[in-house]
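A.B. asks:
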Amino acid sequence: MAGPVPGRSVVRTTTRPRGGDKGSVPPGVRGGRAGAGRTPAGLDTPGGGPGGERPCERPGEFRERAGPNSDDAVDGDAHEHGSELPFGELSAAVAAFARSRLPAEPRSVLPEAAVVAMVEWFRRRFARRFVRILYVEFKSFVARHDPDLARADPGEFEDPPTDYYDRFVDGLFAGGFTDLCLEYPVFARLVATQVRQWVDHLQEFADRLEADRERLAEQFGATGQVTDLEPLADDTHGDGRAVMRVAFESGVTVAYKPRSVDAGAAFYRMVEAVDEFLPTPAIETPAYLARGEYGWMEWIEPAECPDEAAADRYYRRAGALLCLASFTEFRDSHFENLRAAGEHPVLVDAETVLHPFVDPDRRPRPTGTGSLVEDSVLQTLLLPYDVETAGDGHADGERNGTLPVVAGIGVSADPAVFETVETPTVRAVNTDVMTVDHQPARVDRGPNVPTVDGTELPPEDRLDAILDGFESAYETVLSLREEGRLDDVGLPAALAGIENRIVYRPTMAYARVIRSLSSRDYLQDGARFGVEMEELAVPLCDGSVGDPRPWALYDAERAALARLDPPRFTARTDGTEIHLDGTPLGVHADESGLERSRRRIETADPTGLREQLEFVRGCFEATPAPSQAASARPPAEPEPASDEALRREAAEVFESVREAAIESDDGYDWATISRRPSSPG
């Protein structure tokens, strides 16, 4: 639990005794708690935007531009103590200022409710990013006036006092915000950046929505006004852009993606073509509207299976999808990318299909077991597994202990807990005894687990259905290859020439950096801010990453993270050069996804099928199936244990151990697949 921080607070306030006259407020504050027309000094003064992005050009601009429509965003019942975001008065005022910067066009295209929803998203992101420095300043202020209260546990109070909190907020609106920006210049730059990004994102979305009205009606039946607009994550890519759920008056909901959806559209066209030859139940294929740099997708709503027979069909389809994803080098298919829509498993994001291959030795992760994953069905991340080495090490230090819980084929609807990623939890919000605890991040996994009448149906109980679907799809691909019909179904030719995403580091690695960059020290000192990002360069310096070392990728990571955006690297399915935001970085993958997929299909055979089936079994801790050769052999007669027989047996054992080894520059390693989560490290 974070306790009070002694020392001065940079926020100016008036001094009055605890429980004193609330009518005594700092000069310049026009009374009451933060609401419409109440603006932190610094947003409406020329000095309020250090860092190159100035929120306002002249004093008073906020109040003039906020307009009457901003009242709903910053006032009302949502701002009572205990029901709002931490320091919600400040986030409401900054969000209202951002709203005032919106041009007229988005306001005419989007209804009030949609704009308000985006304002609330802005506030949530503001609170998540900056609660730490505001909390430190607030606790310092309370500790200076009442040390005992600063150390008090919120549980000791039935009705926690708010006197000091009110004074602190009053101070923010009477010059304290300017002081805060001067004390934390990186904070000031990031606030201005968030305002700009929000305005640009909403303007761009409104323009695209208006341009695509007829196409949306034709493709999805989406007509009428937007009735609901929901960003699907607080994290963004591409300079503050987010995937959004968009509902229309016609009752249709679609997903808006501020990036190309060509990969998803092409992947499902290929799946549809292959599906004609599969003995498994038909695979659901969502509709797309591809518009170049962005696109729209049919909304996939999680739903229950009607009965257990439908659940069996779900898992047969899941097995077939798993096989096709493996053949097409589909990566990062974690729990957020697969939805259980009744009896249909649907991959909702295909941006990593035909993922370019980067040798494990060139990636910032421990090496030694990379080929075990890269050359198997495990690379899809659809299966729940952990990789343990003989020395109790792990194949992927960045995801240590998390792989079993993030699999696309969900093993449980219980929230996933990530011990290595912390999130702040605030108690006694916006009171004098407000406290911030740090808890492991928790993520809902319910939408990717099939259920019947509210009862989960985990994959280990339907393993035979998964294996049957996988085997059927694998054998179908072999038949299509032997008949020379792969090009007819576009496997993988239909995916050529498409932009896709390359996963250079696990997203959680960036999440941890962004979390650190939101702390007091880094928001106070630009040099420290840069040093924290340099942690990403360690594998490039300590020999973990081999030559040629991709320094340009590291530079691009720094540029994106300076905006608190996880970088989104892209390539082409038939190329190797890596890009960020459309700019080539001069760094190349070792092999294109298209080449690797073709080679995987060309070398597939019955032996490979058996190996992949055993990987699937191992992920669910099932007993390996006996080999056909072993089953065909008659029981061996006992044989005297002569020296020669023992030597021969020892040689065979040694050879089998040698063949199971994974060779790297550091020597040999052995690994096993396990569902048992490792202890995070």
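All residue numbers in the sequence shown are consecutive under my numbering, ending with 808. Here a beta-carbon is modelled for each residue, glycine too, at the ideal position from N, C-alpha and C. This one's a predicted model, so the numbers in the text were calculated from it and none came from an experiment.
Where does Gly302 land, buried or exposed, given buried means 16+ other C-beta within 10 angstroms?
C.D. replies: buried
A.B. asks: Taking the runs of the alpha helix (DSSP H) that are 4 residues or longer, which of them lie wholly in the region 316 to 355?
C.D. replies: 340 to 347
A.B. asks: Val714 and Pro677: beta carbons closer than 7 Å?
C.D. replies: yes
A.B. asks: Whether or not the region 595 to 604 and the region 328 to 338 are in contact is what I'm after, with contact meaning three or more pairs of Cβ atoms, one per stretch, closer than 8 Å; do they touch?
C.D. replies: no
A.B. asks: Report the residue from Phe257, Asp502, Pro531 whose alpha carbon sits nearest the alpha carbon of Ile641.
C.D. replies: Phe257
A.B. asks: Confirm, please, whether the CB-CB distance from Thr697 to Glu626 is below 7 Å.
C.D. replies: yes
A.B. asks: Just to confirm my understanding: we take Ile427, look at its own chain, exclude 5 residues before and 5 after, and list those with CB closer than 7 Å. What are they?
C.D. replies: Taken in chain order, the residues that qualify are Pro413, Arg466, Ala468, Val473, Val475.
A.B. asks: State buried or exposed for Glu463, treating a residue as buried only when at least 16 other CB atoms are found within 10 Å of its CB.
C.D. replies: buried
A.B. asks: I need the DSSP call for Val576, collapsed to helix, strand or coil.
C.D. replies: coil
A.B. asks: Between which two residues does the beta strand (DSSP E) containing Phe545 stretch?
C.D. replies: 543 to 554
A.B. asks: Could you tell me the distance, in whole angstroms, from the CA atom of Pro694 to the CA atom of Asp459?
C.D. replies: Per the coordinates, the alpha-carbon of Pro694 lies some 15 Å from the alpha-carbon of Asp459.
A.B. asks: Which class does Leu237 belong to by DSSP, given the choice of helix, strand or coil?
C.D. replies: Residue state for Leu237 is assigned as coil, using DSSP reduced to three classes.
A.B. asks: Could you tell me the alpha carbon to alpha carbon distance between Arg647 and Val563, rounded to whole angstroms?
C.D. replies: Distance between the alpha carbons of Arg647 and Val563: 14 Å.
A.B. asks: On the three-state DSSP scale, how would you describe Asn464?
C.D. replies: helix
A.B. asks: Looking at the secondary structure, which residues open and close the alpha helix (DSSP H) in which Arg396 lies?
C.D. replies: 389 to 402
A.B. asks: Taking the continuous alpha helix (DSSP H) assigned at Arg727, which residues delimit it?
C.D. replies: 720 to 729
A.B. asks: Comparing alpha-carbon positions, which option in Thr603, Phe394, Asp327, Asp486 lies nearest Ala231?
C.D. replies: Closest by alpha carbon: Asp327.
A.B. asks: Can you determine whether any heavy atom of the ligand MG sits closer than 6 Å to the C-beta of Pro751, and answer yes or no?
C.D. replies: Among the components of this structure there are no ligands whatsoever, and the ligand MG is therefore not found.
A.B. asks: According to the Cβ coordinates, are Phe742 and Ser453 closer than 7 Å?
C.D. replies: no
A.B. asks: Suppose the cutoff is 6 Å on Cβ atoms and the five residues either side in sequence are ignored; what does the same chain contact list for Phe214 look like?
C.D. replies: Leu261
A.B. asks: Go to Asp562, then tell me how far its beta strand (DSSP E) extends in each direction, as first and last residue.
C.D. replies: First, the amino acid is wrong: residue 562 is Thr here, not Asp. Per DSSP, Thr562 belongs to the beta strand (DSSP E) from 562 to 570.
A.B. asks: Tell me, please, whether the region 563 to 572 touches the region 530 to 548 by the rule of three or more beta-carbon pairs shorter than 8 Å.
C.D. replies: Verdict: yes, contact present.
A.B. asks: Can you tell me whether DSSP reads Leu707 as helix, strand or coil?
C.D. replies: strand
A.B. asks: Would you identify the three-state DSSP class for Asp280, choosing helix, strand or coil?
C.D. replies: coil
A.B. asks: Among Leu650, Arg396, Thr634, Asp674, which one has its Cα closest to the Cα of Glu684?
C.D. replies: Thr634
A.B. asks: Taking a contact to mean a Cβ-Cβ separation below 7 Å, would you say Val353 touches Ala225 in this structure?
C.D. replies: no
A.B. asks: Tell me which same chain residues have a C-beta within less than 7 Å of the C-beta of Glu525, skipping the five on either side of it?
C.D. replies: Only weak support is given to the placement of Glu525: the predicted model assigns it a pLDDT of 43, under 50, and the value that follows is read from those uncertain coordinates. Closer than 7 Å at the Cβ level, and outside the excluded window around Glu525, lie Arg492, Arg632, Pro633, Met635, Ala636.
A.B. asks: Quick one: what does DSSP say Trp423 is sitting in, helix, strand or coil?
C.D. replies: In the structure shown, Trp423 sits in a strand (DSSP, three-state: E or B).
A.B. asks: Return the Cβ separation of Val553 and Ala279 in integer angstroms, given the expectation that the two are a contact with Cβ distance under 8 Å.
C.D. replies: Rounded, the Cβ-Cβ distance is 15 Å, inconsistent with contact.
A.B. asks: Under 7 Å between the Cβ atoms of Glu431 and Thr578?
C.D. replies: yes
A.B. asks: Going by DSSP, which residues form a beta bridge with Pro472?
C.D. replies: Ala467
A.B. asks: How about Tyr441 and Glu470: do their beta carbons lie closer than 7 Å?
C.D. replies: yes
A.B. asks: DSSP beta-bridge partners for Arg685?
C.D. replies: BP columns for Arg685 are empty, so no partner.
A.B. asks: What is the DSSP secondary structure of Val373, counted as helix, strand or coil?
C.D. replies: strand
A.B. asks: Looking only at its own chain, which residues have a Cβ that is under 6 Å from the Cβ of Ala254, when we skip the five neighbours before and after it?
C.D. replies: Contacts found: Leu212, Pro213, Ser218.
A.B. asks: Helix, strand or coil for Asp669 per DSSP?
C.D. replies: In the three-state DSSP reduction, Asp669 falls in the coil class, being neither helix nor strand.
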